[in-house]
Amino acid sequence: MSVKVPDSGQVHTLPELIDALQGLRAGRSYAQLDKAAGGRLPRSTLSDLFNKGTASRETLELFLRACGVTREWWQGWQQARERALSASQPGTAGLIRVAQANPRWLGVHAAVDVPGAVGDLPAYVERDTDTVPAGIRALIRKAASDGQGGLVVLVGSSSVGKTRSAFEAVRALVPDWWLAHPDDAGQVRALAVKVPDRLVVWLDELQKYLDSSDGLEAGTVRTLLGRGAVLVATLWPGRYHAYTAPVHPGHPDPYVQARAVLGLADVVDIGEAFSAAERKSAERVAAAGDARLALALKSADYGLTQTIAAAPQLVRRWRQADPYAAAVLTAAVDATRLGVTSPLPAELLRAAAPGYCDARQHAKAKPNWFEAALAYLTDELHGAAAALAPVAAPGQGMGQAAGYRVADYLQQQAGAERCRAKVPATFWQAFVDHVVDARDQERIGKAADDRLLYGYAELLYRTAAQTGDQHAGHQLADMLTRQGRAEEALAIYRDLADDGDSAAAHAMADLLVEQGQLEEALEVLRQDESGDSGTAWYLALLLAEQGRIDELQMRAEAGNPNAALYLANQGHAVEALEILRRQAGSGEGLAVKFLAGLLAAKGHAEEALEMLRKQVGSGDSEASLQLAELLAKQGLVKELQTRADSGDSAASLSLAMLLAKHERAEELRERTDSGDRFAGWYLAELLAAKGHVEEGLEILRQQAGSGVPNASEQLAELLAKQGLVEELWTRADSGDSSAAWYLALLLTEQGRVDELRERADSGDRSATEELAELLAEQGRVDELRELVRSGSWYAVQWLAHALEVAGCEKEARHLRRYGLAAD
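Right, here's the structure in full:
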């Protein structure tokens with residue numbers, strides 16, 4: 012019998028979230044969870060989830076999968092986590108009226124300085140997306156009307172005018188609204204705690220708010236939208252496609268959190284080039300006396316907005332740099348793409364750059380090579396931008412730079428070229444020697460870890476952990492475990508546990524169990540039991556596995572529903588039912604669901620149904636899935652229909668599955684026509700099975716075209732089953748991440764390595780994953796090793812296996828223990 016989950020709807024604070032997650036864990040060991048997740052839930056990740064409740068959304072999704080929670084209930088758990096995080100964040104960003112906002116402060120690029128130019132910015136040229144029915148202004152107007160709220164995301168390359176278009180739209184439509192420009196996701200959460208009326212939340216460069224372990228989450232966005240706030244964001248296409256790529260079985264999913272946020276958004280694509288109509292508008296404005304537009308219209312190689320933002324000059328500065336300036340800039344680009352968010356200190360760039368130069372360039376370098384390179388890169392081009400922009404630290408004196416940031420246009424262009432490049436040893440050592448921000452140390456440590464550069468990763472993790480960064484400590488312990496250094500990992504977990512980190516206690520117990528030290532593991536859990544209620548679940552599991560019925564019954568009697576369930580599984584159903592009835596009678600929701608499951612399993616379905624109906628009626632959203640499943644099992648179609656028609660999505664799903672099982676196509680079609688997405692999916696599947704493939708595909712195409720959630724994934728799956736490579740390829744090229752995933756799977760299945768490599772080389776993450784696995788299975792070690800050195804996490808997971816396939820078992824063992832050398 013499957014274990015049912017706690018009620019996520021009752022979670023509002025971090026302690027409540029952590030307790031609920033432990034309840035959901037149902038006593039599973041770390042090793043069991045990791046195995047159930049296909050090796051994607053290491054101890055460090057689980058520790059962060061159980062200790063802080065602040066692990067990323069992708070971690071929570073993997074955890075839910077491992078616990079057997081179906082997709083329909085993930086949203087409730089994600090919302091629970093987001094509520095808890097929102098409740099824990101103090102402070103808020105300052106507010107001004109939209110009409111008072113300075114566009115430069117909001118991220119609008121400075122414009123080139125040309126003779127005859129007037130003002131900071133050129134006159135605004137109306138874009139096609141300003142006026143079309145689903146364009147920027149229509150979406151913002153809709154979001155601002157009747158307090159319904161909305162998230163509008165402008166997707167386009169750097170310097171194409173996204174931010175300027177968004178600014179002009181809000182200034183034209185809601186000039187009297189309040190404007191918040193949060194510094195980070197924490198300030199967004201603070202806004203969500205108390206949302207002012209008529210609020211615009213400005214999220215230029217959305218990746219800044221998404222790319223962290225405590226990044227912006229869908230629950231926070233929903234709270235803001237529910238209060239009528241208008242959120243406006245910008246994002247590069249590469250980031251958008253990475254965020255929206257589907258989950259791949261057997262691999263981690265780093266972007267669940269970002270994907271959920273973008274799932275709430277209306278997305279507007281901003282093209283790099285002006286249309287004919289836009290260009291005519293620009294010509295009219297330029298003829299009226301705008302010198303910058305007049306200059307930009309003469310550019311044949313760059314778009315109008317890029318020219319105004321000095322993009323040609325930036326690229327020229329990059330391409331024409333001498334070897335030393337190129338080395339400094341490349342080191343800065345690599346640091347940024349690998350996750351550094353702090354300004355890059357000059358000492359770091361000086362130390363990292365030599366690895367980007369060859370022996371001859373080393374010999375010819377002048378004593379002031381670095382100073383000359385820095386001067387070249389920080390020279391402001393036409394008053395608009397510099398390749399490296401100096402940044403002062405808060406409170407720092409005038410004229411003093413704490414570090415440097417890469418111009419975003421250059422970061423986009425150069426970063427794309429560097430995505431497959433090897434990073435030299437001097438880069439890693441520079442970070443060991445010169446980075447002081449613990450978050451940056453952890454992120455670069457993870458980048459080193461992902462490249463099997465264990466020496467650098469260990470130093471960076473340890474330094475971050477010494478500042479009190481518990482997550483870095485978990486990452487370090489996890490890496491040591493993978494290296495076979497169990498005693499060192501246990502020592503780290505002990506230190507963390509002694510500081511009150513319950514997740515570390517769980518990880519320590521897990522590792523002790525793997526080492527065969529069961530009694531020590533049980534003692535650790537007993538000692539931590541009072542500090543973390545979830546420890547009781549793990550303890551109950553171990554007790555059940557060891558057949559220690561007396562202690563298991565004692566814990567069940569003390570009020571632990573999961574212990575009672577394990578007691579039943581050990582053949583003591585009568586005692587367990589009696590205990591669960593007492594707990595359920597006192598209002599314990601989890602006991603109700605466990606009891607209903609036991610009753611149904613023993614043939615008392617009607618009693619179980621009645622209990623679940625009451626539990627659902629009391630607002631327990633998690634119980635509705637259990638109820639729907641039991642109704643379907645009992646064939647109670649009418650009640651399922653009634654619940655589905657009332658908006659119960661669990662009932663809709665179970666009903667669609669039931670109708671499809673009995674091939675009741677017309678009823679499925681009727682429900683599909685009424686807007687039931689689950690009915691559409693199962694109807695399409697049924698039609699395809701009956702040989703009506705095109706009809707089934709058309710249903711899913713219509714759903715996907717209408718933006719029905721998950722319809723694109725369903726369509727891509729059916730296309731792949733039918734072997735329709737061409738349509739998958741077209742959809743993948745248009746940005747459909749689900750299509751990209753299924754295309755990669757299909758190419759792999761058909762052994763089409765060259766086409767798979769072509770897509771991988773273009774930056775297709777799905778193709779990269781599948782290519783790594785295919786190369787490993789074919790024992791192509793050298794090709795796989797190059798992927799590892801370029802930072803492909805997926806290749807890392809397969810390199811040791813490829814060595815074993817090639818007959819190099821000794822080298823595979825050495826690789827797992829010591830990793831690789833940077834050079």
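In our numbering, each residue carries its 1-based index in the sequence shown increased by 11.
The C-beta atom is built at its ideal place from N, Cα and C for all residues, glycine as well.
When C-beta atoms of the stretch 758-768 are compared with those of the stretch 233-240, fewer than three pairs fall below 8 Å, so the two segments do not count as touching. For Tyr415, the secondary structure class from DSSP, reduced to helix, strand or coil, is strand. In this structure, DSSP gives Ala817 a state outside helix and strand, which the three-state scheme calls coil.
Within the same chain, and ignoring the five residues on either side of Thr779 in sequence, the residues whose Cβ sits closer than 7 Å to its Cβ are Ala771, Ser803, Tyr805.
Under the three-state reduction of DSSP, Trp247 is assigned to coil, being neither helix nor strand.
The three-state secondary structure of Pro17, taken from DSSP, is coil. When DSSP states are grouped into helix, strand and coil, Pro401 belongs to the strand group. When Cβ pairs closer than 8 Å are counted between the two stretches, the stretch 742-751 is seen not to touch the stretch 697-710, the count staying below three.
Non-local C-beta neighbours of Leu463 in its own chain, meaning closer than 8 Å and more than five positions away in sequence, comprise Val799, Val807, Leu810, Leu826, Gly830, Leu831, ordered along the chain. The alpha-carbon of Arg327 is positioned some 12 Å away from that of Gln424. By the Cβ neighbour-count rule, Asn113 is exposed, with fewer than 16 other Cβ atoms within 10 Å of its own.
Look at Leu227 here: in three-state DSSP terms it is coil, with no helix or strand label. The count of Cβ pairs closer than 8 Å, one atom from the stretch 447-462 and one from the stretch 334-352, reaches three, so the stretches are in contact. In the structure shown, Ile503 adopts helical secondary structure according to DSSP, grouped into three states.
Pairing Gly426 with Leu355 gives a Cβ-Cβ distance that is not under 9 Å. Looking at the DSSP output, Asp277 bridges to Val163.
Spanning the alpha carbons of Glu556 and Tyr577 requires a straight line of approximately 9 Å. With a beta-carbon spacing of about 11 Å, Leu487 and Ala502 fall beyond the 8 Å limit used to define contacts. By a beta-carbon distance limit of 8 Å, Ala699 contacts Leu729. Their separation comes to about 6 Å. Just so you know, the alpha carbons of Leu795 and Ala269 end up roughly 29 Å apart. Apart from sequence neighbours up to five positions away, the residues of its chain that approach Ala483 with a beta-carbon distance below 6 Å are Glu453, Tyr472, Ala475, Ala476, ordered along the chain.
Secondary structure at Trp752: helix, using DSSP grouped into helix, strand and coil. When the five nearest sequence neighbours on each side are left out, the beta carbons in the same chain lying within less than 8 Å of the beta carbon of Glu83 are those of Leu636, Ser660, Ala661, Leu664, in order along the chain.
Between Leu106 and Pro207, the C-beta gap is smaller than 9 Å, which places the two residues in contact. When the beta-carbon positions are compared, Leu242 and Gly161 come within less than 9 Å of each other. Taking C-alpha positions only, Ala383 is separated from Asp390 by approximately 11 Å. In the structure shown, Val211 falls within a strand segment according to DSSP collapsed to helix, strand and coil.
If you draw a straight line from the Cα of Tyr266 to the Cα of Thr347, it comes to about 18 Å. For Arg108, the pairing in a beta bridge is given by DSSP as Trp189.
Pairing Arg36 with Tyr549 gives a Cβ-Cβ distance under 9 Å. Listed in chain order, the non-local C-beta contacts of Leu641 below 8 Å within the same chain comprise Ala607, Ala611, Ala616, Ala619, Leu620, Leu623, local neighbours out to five positions each way being set aside.
By the CB criterion at 9 Å, Val166 and Lys173 fall inside the cutoff.
Residue pairing from DSSP leaves Leu340 without any beta-bridge partner.
A direct Cα-to-Cα measurement between Pro248 and Ala579 gives close to 53 Å. In this structure, Ala77 and Leu44 form a Cβ contact; the two beta carbons are roughly 5 Å apart against a cut-off of 8 Å. Taking 8 Å as the upper bound for CB-CB distance, Ser292 and Val136 are in contact here, some 5 Å apart.
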